Each structure stands twice: as structure tokens, then as C-alpha cells.
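Structure first, then comments.
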Amino acid sequence: MAREVAWRVFAAEFNSSSYEIKGEGEKAPSYLISPLGAKINRIFVVGVLTDKENVGNGNEPVWRARITDPTGTFYLTAGQYQPEAAMALAKLEPPCFVAVVGKFRTYSPEEGKLYVSIRPERIGRVEASARDGWVLETCKATLDRISAMEEAMKLGEPTVEKLMQIGFSQPLAEGTVHSMQHYHLDDLARYKGMVTDALKFLLPEYQTGPEMPVEASVPEEVEVEEDDVDKEALVLSLIESLDSGKGAAWDEVVQRAKAQGIEREELDSIANSLLDKGFVYEPVLGRMRKI
Amino acid sequence: MDREELAPHAEELARVLGEKVTKDRLLDELERYVNLYRVSLDWAKRDILKKMGGNPSSIGNGSGRKSVAELTGAEQSVDLLVKVLTVNPKTIEVGGAHKNILYGYVADESGRVPYTVWETESVQLKEGETVVIRNAYTKEYKGTPQLNLGNRASVERSDEALDVAGMPSGAGHGEVKVAELAEGMNYVVVSGKVSKLERKEIVAAGERKNIVTGVLTDDTGSAELTIWKDAELQEGAEVRIVGAYVKSWRGIPKLNLGDKAEVQVLAAGTLGNLAGAAPKARTLLDVEASGGGMDVVVRGTIVDVREGSGLVMRCPECRRVLQKGTCRVHGKVKGMDDLRIKAILDDGTSTMNVVFGKELTEGLLSMTIDEAVRLTTEERNPDAVKELAEERLFARTLEVRGMVRSDDFGPMMIAREARAVEVDAREEGAKLLTELEGFE
């Protein structure tokens with residue numbers, strides 16, 4: 001039996017999937033058909049591990065985790081049947097960049113509703129460059145699926161053979177035909193926009209994080225954002241300057257921020273934003289470090 | 292362009308227009324169009340013909356006559372002498388209206404190409420006919436040229452003999468690259484450099500016979516070839532093989548040249564510098580489809596490091612990996628240390644097993660085999676090196692080169708080279724974004 005390929009799919013597309021083809025027979029694989037026709041059994045994701053929680057107990061841990069990409073959040077669950085992934089998750093401290101290979105899982109609380117998550121087979125820490133590489137690769141893969149959907153829509157009644165004649169691979173042709181039958185998408189603009197946004201995420205000139213130079217010309221109507229960016233940059237530099245190797249003590253950050261006119265409540269939201277964007281992390285409770 | 296360069300084009304125009312206009316007058320016109328108004332030569336010729344009352348489509352402008360193999364997918368106007376292999380009518384919807392088109396394949400001695408006729412009123416094609424197609428244009432789709440016959444195109448039946456006999460309708464594969472060779476192909480046309488030539492004597496059906504074996508290399512890879520007759524070939528010669536068939540052995544496609552096949556020797560340097568050049572990277576789906584190859588380059592992400600990776604003990608007699616200090620053949624022996632990684636590579640199109648030997652493993656892990664032995668001893672963990680490999684290699688993107696074979700579990704590569712792929716995501720992302728926004 002050939003191994004199932006790991007699809008590159010963004011969280012927004014993955015989470016919008018609501019069509020599962022259950023394998024019949026003992027070893028037949030099941031597939032999740034995404035709106036753009038990815039025929040997913042296995043998936044490969046690189047993103048920021050933002051949160052993890054043991055919902056089991058000390059002897060039988062069951063880890064739940066969240067991984068974000070530029071389009072949304074992947075939900076992971078690893079228990080006793082994924083010992084390697086569960087052990088790796090236990091050791092990882094969010095936030096950090098991680099790569100995950102896993103299989104899809106579905107949960108249907110009521111008829112017509114389907115929630116999807118990932119059951120990780122492997123998870124490991126990676127560099128920021130690996131995340132950027134994944135985003136680019138996933139943009140390309142998504143564009144391939146979009147072009148298959150466009151061709152399928154032109155055909156009216158697409159078949160796997162016709163799509164393969166045009167030049168699409170068999171797995172993509174099959175997924176596209178399944179998707180046409182289930183989702184009846186008539187507008188791909190949302191997904192094209194998703195790819196464009198993900199590409200912009202890679203480019204510094206579109207980033208509204210602290211990396212943006214202050215002197216960059218910002219139109220007046222987004223002045224508020226510029227203000228936020230300045231404050232984020234300020235807090236980030238505070239964290240960096242108070243860090244003598246183990247991370248900046250949170251109490252000191254609070255005091256120094258107050259001296260600069262940033263109140264506790266605002267500071268909390270700035271810190272959360274920095275954590276979400278992956279600019280800082282908490283090495284231990286009460287300390288914060290720049291990544 | 293000076294008058295000397297324009298002269299042959301003026302002559303071409305004169306031929307079309309007959310006695311109506313003098314050659315000098317045409318040359319003056321051409322000079323004015325091309326040098327003064329900077330109109331492209333092709334359009335200048337068409338415009339002048341039209342002005343002088345000639346038929347602009349009676350000259351092939353620009354690309355001129357080409358063979359199928361020469362098509363690039365960028366011809367704006369091209370003439371071909373081809374045999375029509377297949378004709379299929381189809382109705383499509385354009386802007387709410389129904390429109391009839393024809394599609395199929397045409398071929399000449401050099402290969403075949405898919406075509407579409409967009410104006411069925413003015414262009415009719417019949418299967419089996421040899422025709423001259425004028426003023427067709429080509430587009431590239433998924434890397435291969437597609438021939439289009441639009442409203443400017445014309446078709447004339449031709450009595451010229453065209454030998455596509457070895458290329459039965461719909462079954463010949465035409466011009467291919469080495470990487471595209473796959474089990475069961477027949478009548479392939481493929482060019483490359485021959486090496487490792489050997490003349491062998493075999494006994495077939497009770498008769499002694501000389502055959503020649505060797506390796507053919509192009510910019511996409513290498514394949515073994517067998518010429519089933521005696522042939523004079525120079526080591527390192529650049530050749531074009533016409534009419535070979537492909538059989539695979541353990542997943543690796545091999546070229547066979549039977550009685551019908553022909554070897555054309557090309558001028559040295561025709562194919563560019565192939566020595567030492569690594570073949571182009573292929574997708575894993577593509578490698579899976581062809582079954583394998585002698586020299587394959589792929590890019591992918593390591594999604595798993597398999598059992599059996601890390602430090603292993605081998606039998607000093609037969610190099611088999613020992614299980615608990617015991618060789619399957621030679622029993623209890625004193626094993627030799629060896630280092631290897633068995634990994635699964637995945638590029639989003641398919642997957643492949645890759646085996647890295649000792650040197651590549653040392654490079655990938657940045658540790659020598661002695662250091663690996665020390666680590667295993669110090670940690671008292673036989674899997675210490677495998678665990679390290681998982682940590683260092685998981686999710687890494689590599690470009691690997693090696694030999695690929697296939698079995699029931701899919702393709703497997705014995706890697707010869709491996710390197711980390713550095714992608715400039717910002718630069719490539721910016722490029723892609725520009726392309727996308729350009730379409731909107």
C-alpha cells in the first residue's frame with residue numbers, strides 16, 4: 001500500500017471542509033474533501049503553536065493544542081494512540097514555530113455540522129524560515145486547486161478523465177469532482193483573497209507589526225493602527241532591554257510601561273498581540289522574551 | 292535592419308505579389324515600416340501585402356515552417372506539414388452562445404501535438420490526411436505546446452509523403468525527455484548524449500548477435516539503452532533516437548531500439564553542455580508515474596524518519612544489518628558500525644522512501660560515525676541517533692538526487708546527493724503576488 005500524501009492546506013480551507021468520504025472495508029482510507037477539492041487523508045502544517053492544554057491526566061495525558069497560520073487556527077488532539085506526538089507536545093512551550101504531520105479527524109455534534117481537527121503523528125519545533133516556506137508552498141498548492149476548480153466550472157459537468165486530460169493530477173481531479181458535487185461553489189474570490197492575504201503576510205511591506213519602520217508613510221485613516229504599532233514596538237524593545245538572559249520579569253515590564261504612559265490593561269492586550277504574532281514568548285511564568 | 296538584411300523578405304513579398312510591384316519598391320516600403328515606424332518585420336510584411344492587394348495569410352510570418360518537435364508554445368504564426376491523427380468535434384459555450392470546435396492530434400516525423408480548430412467553417416480536417424497548416428499559433432499548457440487554428444489559419448491538403456508510420460494514431464509518444472520515459476511507451480523520440488557504450492554478443496533464437504548497450508543522458512536524467520543490433524556509435528556522441536520503445540526493470544525505465552528505431556548523430560554541442568549537469572527536479576507524482584530512473588532529482592519535505600535509521604551493525608561478511616548481533620546468514624558475528632537514515636519525503640504531490648548512506652547521514656546530522664557511536668554509548672540508548680535524526684530532519688526541505696526503483700510500497704531512492712533547500716519566501720512570494728494581482 002502506498003503511503004498517503006500530506007496535503008498543504010491553509011487553516012481557513014481545512015476548517016471549511018464539511019464532506020467526508022468514509023473508507024469502506026477494514027483498511028480503506030477515509031478522505032476529507034476540502035472546498036477546493038483537496039482529497040485529504042494526511043496533512044502537513046507549519047505554524048505557531050499558540051496554546052496547549054492537557055485535558056487528560058498525568059498518567060494518560062490527552063493534549064489539545066492550537067496552531068495558527070495566516071488564515072486561521074488548526075486544532076490538534078493527541079492522546080495515548082499518538083505517543084510520539086503527545087510526548088513531543090508535552091515538551092513544547094508555546095508560543096513557538098512547529099511543524100505537524102497528521103491525519104484529519106471529524107466530529108459531528110449534530111446532523112449537518114462537522115468540525116475538523118488534526119490527529120498529529122509527528123510534531124516538532126522549527127525555525128521561522130520553515131513557516132515562511134510552508135506558507136509559500138501552500139499558496140502555490142492552493143492556487144493549483146483554484147485553477148482546477150475554475151476549469152471544472154468551465155466544463156460544467158467535469159469528470160476525472162476530462163480534468164486529467166487538461167493536465168491535472170489524478171488525486172486533484174478526483175477531489176475537484178467530489179467538491180463540485182458537494183459544495184457547489186460558484187465564487188472562488190474568497191479563496192483567491194485568502195491566498196493574496198497569505199502572500200502579503202510574507203512581505204515586510206504589508207506587515208503591520210513592529211518590524212515596520214516608523215517613518216513608513218501611513219495614510220491618515222489608519223492612524224490608530226500606527227499608534228498600536230508604535231506601542232507594540234515600544235513594549236517589544238522594553239522586553240528586550242530588560243532581558244538579561246532568562247527573559248524580562250513581567251513586573252518590571254509593567255512598571256516601565258506605566259512610566260511610558262501605557263496602563264496595565266492596555267499592556268496586557270499589547271502583550272497578547274505580541275504573543276499571537278509570535279514576536280515574544282513566555283520561557284517561564286512571569287517572564288517574557290523576544291523570539 | 293539594413294537593406295541587405297531586408298532584401299530576402301522583399302523577395303518573398305515579390306513572389307507573393309507576382310509582377311504587380313517591383314522589388315525595389317517593396318524594399319523601400321519595408322525599410323520605411325521597419326526602420327522608420329519600428330513595426331516588427333512580421334507585421335510590416337503582412338501590412339505591405341494587404342496594402343498591395345496580396346493575401347497576408349499567404350506568407351508564414353515570423354515563425355515560418357517548423358516541425359512539431361520545434362514548437363515552443365510561443366509561436367504567433369507557424370506553418371506545419373503534418374498528418375492528422377485524430378479529429379473530435381465538440382460544442383463549447385462562449386459568452387452564452389454555442390460554438391463548435393474540433394480537437395485532436397496532428398503529427399510529423401518529429402512528434403505529435405494536440406490541436407484545437409476554433410473556426411470550423413473555414414477549416415476542415417479529416418483523420419489520416421496529410422495537410423499543410425498555415426498561420427496557426429501555439430500556446431503552452433502545463434509545459435507542452437498546444438496548436439491553435441484560429442480565424443487566420445488555413446489548411447491545404449498535401450501530397451507530400453510524411454512518414455509517421457512508426458507512430459500509429461494516438462499511440463506514439465513523440466519527442467520526450469528522459470525523465471518522461473515510462474513503461475509501455477512506444478515510438479518515442481528522445482535526444483541526449485550516449486556514454487558507457489558496450490558491444491555485447493548474445494545468443495538469440497540460436498543465433499549469435501551483436502547488440503550495443505549504454506546510457507543516454509539529457510538535461511532531465513539518464514536512462515540505460517539497448518540497441519538490439521550492431522551499431523557504430525562514438526562514446527559521448529549527441530544523438531537523436533527515433534522510434535524506440537520503453538520497458539521497465541524494477542521500476543526503472545529503459546530504452547530499447549528495435550529494428551524500426553533509428554539513431555541520428557547530431558553535431559557536437561547541439562544539446563548544450565550536459566556533462567556534470569544535474570537533471571531538473573521532478574515532482575514525486577511524476578517520479579511515481581514513471582516508476583523510477585537512474586538519475587533523478589526531487590525536492591520535498593521530510594515527514595518521517597523510519598525504523599532502522601541511525602546507528603546499525605552490519606555483518607562483516609555480507610553487510611546485512613544484524614538483528615541482536617545476529618546475521619540472518621552468518622549467525623553470531625562481530626558487527627561493524629554503520630550509519631544510515633531511512634526517511635519519507637513528501638512534496639504535496641506524492642511521497643517517496645529515501646535511504647541516505649553513511650556519508651550523507653554524517654553530513655545531514657553534522658556528526659561523524661565515531662561521534663554517533665559515542666552518543667549511543669553515553670546515552671545508553673540504541674535509538675539515540677535515530678532520535679537526533681528525527682529532531683534535526685523532521686520538516687526539513689531537501690533536494691535529493693539518486694537512483695529510484697519501485698516496488699509494492701511505491702518508489703524508493705538510494706540517495707547520492709542531498710542538500711538543504713533555501714527558499715527566499717519573500718522574494719518568491721512577492722513575485723507570485725505580482726502575478727496574481729496582474730490578473731485581476
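Taken in sequence, the protein lines are chains U and Z.
In terms of my numbering, the first sequence is numbered consecutively and its last residue is 291.
In terms of my numbering, the second sequence is numbered consecutively and its last residue is 731.
Think of the CB as a built atom: it goes at the ideal place given N, C-alpha and C, for glycine as much as any other residue.
The structure presented is a predicted model; accordingly, all values stated were derived computationally and were not measured.
* Residues of the segment 630-645 of chain Z whose Cβ lies closer than 8 Å to any Cβ of chain U, in chain order -> Ile635, Asp637, Gly639, Thr640, Ser641 and Thr642
* Asked: For chain Z, is any of its Cβ atoms less than 7 Å away from the one on Ser169/U?
  -> yes
* Asked: From this set, Pro61/U, Thr106/U, Val135/U and Glu60/U, which residue's C-alpha is nearest Phe97/U's C-alpha?
  -> Val135/U
* Asked: Quick one: is Leu679/Z near chain U, going by C-beta distance under 7 Å?
  -> no
* Are Tyr50/U and Pro83/U closer than 7 Å when you measure CB to CB? -> A quick correction: the sequence has Thr, not Tyr, at residue 50/U. No, the Cβ-Cβ distance between Thr50/U and Pro83/U is not below 7 Å.
* Asked: What is the DSSP secondary structure of Ser657/Z, counted as helix, strand or coil?
  -> coil
* Spatial distance of Ile383/Z from Asp276/U (CA atoms) -> 50 Å
* Asked: Which residues in chain Z sit within 8 Å of Trp7/U, going by Cβ to Cβ distance?
  -> Gly639
* Asked: Which residues in the same chain have their Cβ closer than 7 Å to the Cβ of Glu447/Z, if we skip the five residues on either side of it in sequence?
  -> Val422 and Val423
* Asked: Going along the chain, which unbroken runs of the beta strand (DSSP E) with 3 or more residues stay wholly within the segment 464-518 of chain Z?
  -> 477-495, 498-509 and 512-518
* Would you say Gly701/Z touches the ligand ADP, meaning its beta carbon is less than 6 Å from a heavy atom? -> Because no ligand of any kind appears in the structure shown, any question about the ligand ADP cannot be addressed here.
* To do: From the DSSP output, read off the bridge partner residues of Glu384/Z.
  => His389/Z
* Asked: By the 10 Å Cβ neighbour count, where 16 or more other Cβ atoms means buried, how is Asn442/Z classified, buried or exposed?
  -> exposed
* Identify, in the order they occur along the chain, each residue of the same chain with its Cβ nearer than 6 Å to the Cβ of Ala732/Z, setting aside the five sequence neighbours on each side. => Past the edges of chain Z, shown from 292 to 731, lies residue 732/Z, and the structure says nothing about it.
* **Extent of the continuous alpha helix (DSSP H) to which Ser129/U belongs** => Ala128 to Leu155
* Between the segment 113-141 of chain U and chain Z, which residues of the former have CB atoms less than 8 Å from a CB of the latter, in chain order? -> Glu121, Arg122, Gly124, Val126, Ser129, Ala130, Asp132, Gly133, Val135, Leu136, Glu137, Cys139, Lys140 and Ala141
* Asked: Rounded to a whole number of angstroms, what is the C-alpha to C-alpha distance between Val369/Z and Met194/U?
  -> 41 Å
* **Candidates Ala298/Z, Thr640/Z and Glu553/Z: closest to Val578/Z by CA position** => Thr640/Z
* **Segment contact, 8 Å Cβ cut-off, at least three pairs: the segment 180-199 of chain U with the segment 10-25 of chain U** => yes
* Identify every residue that forms a DSSP beta bridge with Cys96/U. => Leu49/U
* To do: Tell me, please, whether the CB atom of Leu576/Z is closer than 7 Å to any CB atom in chain U?
  => yes
* **Backbone CA spacing between Val397/Z and Gly497/Z [nearest angstrom]** => 42 Å
* To do: Would you mind telling me which residues of chain U sit closer than 7 Å to Asp592/Z, beta carbon to beta carbon, in chain order?
  => Checking the displayed sequence, the identity of residue 592/Z turns out to be Thr instead of Asp. The contacting residues are Phe44.
* **Contacts that Val714/Z makes with chain U (C-beta to C-beta distance below 9 Å)** => Ser129, Asp132, Gly133, Leu136 and Glu137
* Beta carbon proximity, Ala686/Z to chain U, threshold 7 Å -> yes
* Just how far apart, CA to CA, sit Val479/Z and Thr142/U? -> 34 Å
* Asked: Would you say Ala721/Z faces chain U, with C-beta separation under 7 Å as the test?
  -> yes
* To do: Measure the alpha-carbon distance for Cys606/Z versus Cys618/Z and round it to whole angstroms.
  => 6 Å
* 7 Å Cβ cutoff, Gly441/Z in contact with chain U -> no
* Secondary structure at Trp409/Z, three-state DSSP: helix, strand or coil? -> coil
* Drop a sphere of 10 angstroms on the beta-carbon of Leu656/Z, count the other beta-carbons inside from all chains shown, and report buried for 16 or more, exposed for fewer. => buried
* Asked: Alpha carbon to alpha carbon, what distance is there between Lys140/U and Lys192/U?
  -> 11 Å
* Can you list, in chain order, the residues of its chain whose CB lies under 7 Å from that of Leu318/Z, leaving out five sequence neighbours each side? -> Arg294, Leu297, Ala298 and Ala301
* Got a sec: is the Cβ-Cβ distance from Leu76/U to anything in chain Z below 7 Å? -> no
* With 7 Å as the C-beta to C-beta threshold (strictly closer), list the residues of the segment 3-29 of chain U near chain Z in chain order. => Arg3, Val5, Ala6, Trp7 and Arg8
* Asked: Among residues of its own chain, excluding the 5 on either side of Leu89/U, which ones have a beta-carbon nearer than 7 Å to its beta-carbon?
  -> Lys52, Trp63, Ala65, Ala78 and Ile123
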